[in-house]
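Worksheet for the structure shown next.
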Amino acid sequence: MEDERLYPFNTIEPKWQKFWREQRLFNIDTKNTANKYYCLMMFPYPSAALHVGHGRNYIIGDVVARYKMMRGFNVLAPMGFDSFGLPAENAAIKGGIHPKTSTLNNISTMKRQLNQWGVEYDWDREVISCLPEYYKWTQWIFVKLYEKGLAYKKKAFVNWCPSCKTVLANEQVVNGACERCSTEVSQKELEQWFFKITAYADRLLADLGKLTEWPERVKTMQANWIGKSEGVEIDFKIDGMDRTLKCFTTRVDTIYGATFIALAPEHPLVNTLIKGCKDEAGVLKAIQKMRNESKIERSQAEIAKEGVFTGRYVINPVNNKKVPIWIANYILMDYGTGAIMAVPAHDQRDFDFAKQYKLPIEVVIDNPKESLNAGTMKEAYTEEGVMVNSAQFDGLTSQVAMKKIADYFEEKEFGKKTTQYKLRDWLISRQRYWGAPIPMIYCEKCGVMTVPAEDLPVLLPESVEFRPTGESPLKFVKDFVNTKCPKCKGPAARETDTMDTFVDSSWYFLRYITPKMNDKPFDTDLVNKWLPVDQYIGGIEHAILHLLYSRFITKFLCDIGMVGFDEPFKNLFTQGMIIKDGAKMSKSKGNVVSPDALIRDFGADTVRLYTLFIGPPEKDAEWSDRGAEGSYRFLGRVWRLVEKRPAAKGRAASGAKISKEAEDLKRKVHQTIKKVTEDLDGGFHFNTAISAIMELVNETTDAMNAEAATPGDGAGVLAEAIESIVILLSPFVPHIAEEMWQSLGKENSIFKCKWPSYDKAAIVENVLTIPVQVNGRLRSKVEVPSDISEDKLKELVLADPKVNTWISGKAIKKFIVIPKKLVNLVVQ
RNA sequence: GCCGAGGUGGCGGAACUGGCAUACGCGUCGGUCUCAAAAACCGAUUUCCUCACGGAUAUGAGGGUUCAACUCCCUCCCUCGGCACCA
46 MEDERLYPFN
56 TIEPKWQKFW
66 REQRLFNIDT
76 KNTANKYYCL
86 MMFPYPSAAL
96 HVGHGRNYII
106 GDVVARYKMM
116 RGFNVLAPMG
126 FDSFGLPAEN
136 AAIKGGIHPK
146 TSTLNNISTM
156 KRQLNQWGVE
166 YDWDREVISC
176 LPEYYKWTQW
186 IFVKLYEKGL
196 AYKKKAFVNW
206 CPSCKTVLAN
216 EQVVNGACER
226 CSTEVSQKEL
236 EQWFFKITAY
246 ADRLLADLGK
256 LTEWPERVKT
266 MQANWIGKSE
276 GVEIDFKIDG
286 MDRTLKCFTT
296 RVDTIYGATF
306 IALAPEHPLV
316 NTLIKGCKDE
326 AGVLKAIQKM
336 RNESKIERSQ
346 AEIAKEGVFT
356 GRYVINPVNN
366 KKVPIWIANY
376 ILMDYGTGAI
386 MAVPAHDQRD
396 FDFAKQYKLP
406 IEVVIDNPKE
416 SLNAGTMKEA
426 YTEEGVMVNS
436 AQFDGLTSQV
446 AMKKIADYFE
456 EKEFGKKTTQ
466 YKLRDWLISR
476 QRYWGAPIPM
486 IYCEKCGVMT
496 VPAEDLPVLL
506 PESVEFRPTG
516 ESPLKFVKDF
526 VNTKCPKCKG
536 PAARETDTMD
546 TFVDSSWYFL
556 RYITPKMNDK
566 PFDTDLVNKW
576 LPVDQYIGGI
586 EHAILHLLYS
596 RFITKFLCDI
606 GMVGFDEPFK
616 NLFTQGMIIK
626 DGAKMSKSKG
636 NVVSPDALIR
646 DFGADTVRLY
656 TLFIGPPEKD
666 AEWSDRGAEG
676 SYRFLGRVWR
686 LVEKRPAAKG
696 RAASGAKISK
706 EAEDLKRKVH
716 QTIKKVTEDL
726 DGGFHFNTAI
736 SAIMELVNET
746 TDAMNAEAAT
756 PGDGAGVLAE
766 AIESIVILLS
776 PFVPHIAEEM
786 WQSLGKENSI
796 FKCKWPSYDK
806 AAIVENVLTI
816 PVQVNGRLRS
826 KVEVPSDISE
836 DKLKELVLAD
846 PKVNTWISGK
856 AIKKFIVIPK
866 KLVNLVVQ
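Residue numbers (the working numbering): 46 to 873.
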């Protein structure tokens, strides 16, 4: 085994890991804010073992931190654990290990793995969200939200996962199934706590515009999720009743074409409306049937439209016509007002429904290209057009009419302009144990109140029984539930729900600045100096949930003066997944690549290098063990290069005449410095930066072999090349770089040295190879001095024998010269 | 259906602002070393024709603009991700 190693990574790696810790390379004083750079990786949930896919995130972050360090920044790179959550509790129910024990065990395993990867952090700032010193402040934020009316409790239909035995936020339901375990989600009516994120909908949407350094796709996903639409809320008078019915529409221009009204089966007016109608029992039965189709069934696929007439009518305010009220299964209670004005001619869903129940279709927007006929149209016309059958609005374009009719409605008080969002309030109650207890107390005399600040944290009792009941285990802990009312000191009960773990993770990045502070969640002044985060790195799977919640909580903290900024993350980078055998790595698929064996056989630097070289980091990439071996061989070549380098006689004196070979190598060195620096500054182009260094290594190896064969003046440039290679590689492969740096005779850590800058004069090519095309096809190449005149170049090209074979006997129509790039002759 | 990203050798992928397509790595083939093998090193490698020189051909498909197109424009196909009866 020993001889098979290309270099002694197994001794080098622990040596430098220990060195970095002892030197406190990553430990910083946040009071020193000059030249600060906050490099943040999304903190992980502590699962049992990391695979190479997880590693990508940490490796990228580590490269950025080390590179910025070498660029002279005061880098804050902290790490922590998002350590409340369901898996630990489910494991406790199954295996009987307390969540706290298994979580803390997993944390220490993960820390060991991170350390093995050579990924370093300021561990003095570690934040663990399941410990009281942290969740005390999560509870404190809850209290602040409650005080501002942004945390409230209501009875609501909620998403219930029968397998996890808990409720889920809308964001955690994926295709009608639980985000975590993929079990189909059902609906349950429960009293739940919510955060009023909808109060911030407009700002969360508008401020996406400020996030210029975020990936477009993340912003689009958030915008779609918030789902803003502007329209008019119309008050329809119900015929024969002293009530109105509100309908939201974005197409008020189609009001004259409304031929029926449709209500969601859950609409609160339904029972009143059908009272006394012809077949009350039959109608009620039909409605009941629609209600029983769960929300999920309704949203899964386009199910057949169904509906029933209520026997009632509303009056269309614009023309006083009677319009029938129907109940329809395609109307959602939780969007808009749960009732719509249906315009079959101009909305496909209404059209389908009208066809099925033979309801009238009236064209009110005509297609300017081809006039519409209500009787023969096959589908709704949803485009813009010209107003018809719309009284005084006839002849206007629909866009103009939209505004005019909206104004007319407000003037006549038929309705008002409003904005609707798809975003729902954030359901944060969980009937589970392993989360931060919601700090509320219920007193029979004094009512609902928050736990006073001085009594925080509300500690999670350690001794509980884990049962798969679907009810919070806290309910059965008498010492926990029974408490005193903070006001009247009489007997009172605690809230037994805990908070969604996304609450924990929506403020942790603030805690890292002053992680030990115990009288406040964080120091506002220091936080204002360090945030917004300069670079946030994490998975695309958090595009909506975590990133939206964090933005919301930051805006809230900004509003109450706790922070001085309203967006937490300036630059966001979302890395792609590492795929194996065409699928995301997961234990159940059995395609997990563990870093342990790879690190044992090839070393951490190989795993790091391959992970970075595999492809553009924002894209998914297929893992290949063979590919990883290629990275190992490369490191072996670099190692040998450093070992076999000729004794440096000192650099060639500047200005001294050097050979062409030496000059070529020097040019390559400086071109590579330029390329790597630009790749790291301009984006996260690690893969191309590494291939540029590989090219330099190849050229340097050739130059060294040539120098060994026929010694010349190359030693000085070779030394410069080797030193540059080691520095340029260091952020990617820090252990081997430190070792080689040391063997080059350097004393300090390589990360204390300055990142090289390139010499503009050295990268200038003085001889150029100019491709020559004839009629756009490459026919020859000419070598010319870079300062050649255009005339001289033309002369040379025309003298070129290869070119001549292609142009002889033909007339030159055009002679295109792109200076320093290419020549193209057009002949006929 | 809507929104977003993408489609380049056997594979992962390069290519600036329209200017030598296929860098770098993997794999494969050949060679060196070895009794032999592995490892390592050196060389070849879009495809087709050619002993060779060389030529033709190719960036999902088709068309267009241009002296010149992976890059710009139009039409279409496919893959991945998100949202989805949102009025």
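Even for Gly, the Cβ is constructed at its ideal location relative to N, Cα and C.
Just so it is clear, the structure is predicted and the values come from calculations on it, not from any experiment.
query                                                                                                                                                                             : result
For A666, is the classification buried or exposed, using 16 other Cβ atoms within 10 angstroms of its Cβ as the cut-off for buried?                                               : buried
Whole-angstrom Cβ separation of N364 and A436, contact assumed at under 8 Å?                                                                                                      : 7 Å
How many Å lie between Y90 and I582 at the Cα?                                                                                                                                    : 15 Å
Count the C-beta pairs between the region 498-508 and the region 570-587 that are closer than 8 Å, then say yes if the count reaches three, no if not.                            : no
Below 8 Å on the Cβ atoms is my contact criterion, and I expect T183 with M544 to pass it. Report the Cβ-Cβ distance as a whole number of Å.                                      : 7 Å
Tell me the residue span of the beta strand (DSSP E) that contains K198.                                                                                                          : A196 to C206
In whole angstroms, what separates the C-alpha of D646 from that of G163?                                                                                                         : 16 Å
When we look at the beta-carbon of G130 and count the other beta-carbons within 10 Å, is it buried (16 or more) or exposed?                                                       : buried
Is T299 buried or exposed, if buried means 16 or more other CB atoms sit within 10 Å of its CB?                                                                                   : buried
Measure the C-alpha to C-alpha separation of N654 and S676 and round it to an integer number of angstroms.                                                                        : The displayed chain sequence assigns Leu, not Asn, to residue 654. Distance between the alpha carbons of L654 and S676: 6 Å.
Would you kindly check if the distance between the Cβ of S128 and the Cβ of I105 is under 8 Å?                                                                                    : no
Could you tell me which of N434, E429 and A349 sits nearest to Y43, measuring between CA atoms?                                                                                   : Because the chain in this structure spans residues 46 to 873, residue 43 falls outside the shown range and cannot be described.
Along the alpha helix (DSSP H) that carries Y112, what are the first and last residues, could you check?                                                                          : V97 to M115
Roughly how many angstroms lie between the CA atoms of P536 and L249, to the nearest whole one?                                                                                   : 42 Å
Around the Cβ of T167, are there at least 16 other Cβ atoms within 10 angstroms (buried) or fewer (exposed)?                                                                      : One point to set straight first is that residue 167 is Asp, not Thr, in the sequence displayed. Classification for D167: buried.
Would you report the Cα separation of A649 and T850, rounded to the nearest angstrom?                                                                                             : 56 Å
Report the CB separation of E236 from K210 in whole angstroms; it is logged as a contact under 8 Å.                                                                               : So it is not a contact: roughly 17 Å between Cβ atoms.
Report the residue from S825, N563 and D568 whose alpha carbon sits nearest the alpha carbon of P177.                                                                             : N563
So, is I863 buried or exposed, given that buried needs 16 or more other C-beta atoms within 10 angstroms?                                                                         : exposed
In the DSSP output, which residue or residues are listed as bridge partners for F354?                                                                                             : W371
If I follow the unbroken alpha helix (DSSP H) through E674, where does it start and stop?                                                                                         : D670 to E688
Considering only their Cβ atoms, is the gap separating D470 from P241 smaller than 8 Å?                                                                                           : With the sequence shown as reference, residue 241 is identified as Lys, and Pro is not the correct amino acid for it. Yes.
With DSSP as the reference, please indicate the residues paired to L121 in a beta bridge.                                                                                         : Y83
As a quick exercise: from K523, P413, E424 and K414, pick the residue whose alpha carbon is nearest that of I406.                                                                 : E424
For C533, count neighbouring Cβ atoms within 10 angstroms of its own Cβ and tell me buried if that reaches 16, exposed if not.                                                    : exposed
Give the straight-line distance between the Cα atoms of L867 and S775, rounded to the nearest whole angstrom.                                                                     : 37 Å
Could you please give the first and the last residue of the uninterrupted alpha helix (DSSP H) stretch that includes T317?                                                        : V315 to I319
Write down the C-beta distance between V652 and A673 rounded to the nearest angstrom, noting that I regard them as a contact closer than 8 Å.                                     : 7 Å
Kindly list the residues whose CB is nearer than 7 Å to the CB of D280, restricted to its own chain and excluding five residues on each side of it in sequence; keep chain order. : T289, K291, F459 and G460
Please state whether DSSP places T289 in a helix, a strand or coil.                                                                                                               : strand
For R696, which residues in the same chain have their Cβ closer than 8 Å to its Cβ, ignoring the five residues on either side in sequence?                                        : Summary for R696: the model assigns pLDDT 49, below 50, so the residue's position carries little reliability, and this model does not support an answer.
State buried or exposed for I605, treating a residue as buried only when at least 16 other CB atoms are found within 10 Å of its CB.                                              : exposed
Got a sec? Which residues, its chain only, sit under 7 Å from G98 by beta carbon, not counting five neighbours each side?                                                         : M622, I623 and M630
Less than 8 Å between the CB atoms is what I'm expecting for L85 and Q465, so what's the real figure, rounded?                                                                    : Between Q465 and L85 the Cβ distance is about 34 Å, and since that is not below 8 Å, they are no contact.
Evaluate C223 with the Cβ neighbour count: other Cβ atoms within 10 Å of its Cβ, from every protein chain shown; 16 or more gives buried, anything less gives exposed.            : buried
What residues are listed by DSSP as bridge partners for P8?                                                                                                                       : Past the boundaries of the shown model lies residue 8; the chain is included only from 46 to 873, so the question cannot be answered.
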